[in-house]
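Everything below concerns the one structure shown next.
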Amino acid sequence: SYKFGILYCAEGQVTEEDMFSNERGSDGFEKFLNVIGERVLLKGWTKYRAGLDVKDNSTGTHSVYTTYKGFEIMFHVSTLLPYSVHNPQQLERKRHLGNDICVVVFKEGNTPFDPRALVSEFNHVIFLVSPKQQADGKVKYFMELGLKSGVPAFGPELPFPPYFDSGSFFRELLLCKLINGERSAYKAPAFQNKIQRTRGQLLSALETSYNNQK
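So in the working numbering, spot 23 of the sequence shown is number 214, and the numbers just go up one at a time.
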């Protein structure tokens, strides 16, 4: 099972505080969500929940879920998580997306996006998806990637230029790329050190338990 973040970035926004403070997304953002998954009711949800509350709606009433080649995927969608008028940092939203290794930023408009705007030690792969209106009136998605230092490159390779029609090919490629991106991020030094520490702690706990049983 996998969990990925989806952050809505409206025209002109450059800070994570602005992005996390979007109470709702645009129609274009809603269409994008419909392409990559289905909106599900959280209360009573029995499948993979990715840390979301399925009893009391404390993490919102709905989320976006899908499956890909046998893997369950739950998205932490910024605009579907609780919004607080009195908390400009929107810590409840950041608590979830800030712990996701891969985050999709849906960016509208032409304001440049700097991946360093997202301050998190866990976010290692940023997928920047921008809707682009074509001459015929149709919308294509332009996709770019930003990797933290130490994350190896991963497939599938993006076409050049990386424009995609809104459909199953784009959905399949994005989901595959997200999964491979998380797997690749585990090879980064930051994660390798954490994995080694965790293994050491587990071995120490096993040794202590074994010695206590003698």
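Ideal Cβ positions, reconstructed from N, Cα and C, are used throughout, including at glycine.
Classification of residue 281 by the beta-carbon crowding that lies within 10 angstroms, buried from 16 upward:
It is buried - the Cβ of residue 281 has at least 16 other Cβ atoms within 10 Å.
In whole angstroms, what separates the C-alpha of residue 204 from that of residue 378?
32 Å
Contacting residues, own chain, Cβ-Cβ under 6 Å from residue 337 (five flanking each side not counted):
306, 317
Please list, in chain order, all residues of the same chain as residue 253 whose beta carbon is under 8 Å from its beta carbon, the five residues on each side excluded.
230, 231, 232, 233, 271
Here's the rule: buried if 16 or more other CB atoms are within 10 angstroms of the residue's CB, otherwise exposed. What is residue 215?
exposed
Nearest to residue 227 by CA position, among 207, 244, 202, 195, is which residue?
Taking residue 227 as reference, the option from 207, 244, 202, 195 with the minimal CA-CA separation is 195.
Distance check for residue 259 and residue 366, CA to CA, integer angstroms please.
7 Å
By the DSSP assignment, the beta strand (DSSP E) with residue 264 in it spans what residues?
262-268
Using a Cβ-Cβ cutoff of less than 6 Å, which residues in the same chain neighbour residue 197 once the five nearest sequence positions on both sides are dropped?
266, 268, 295
Taking just the CA atoms, how far does residue 245 sit from residue 235?
6 Å
In angstroms, rounded to a whole number, what distance separates the CA positions of residue 277 and residue 209?
Going by the C-alpha atoms only, they are around 14 Å apart.
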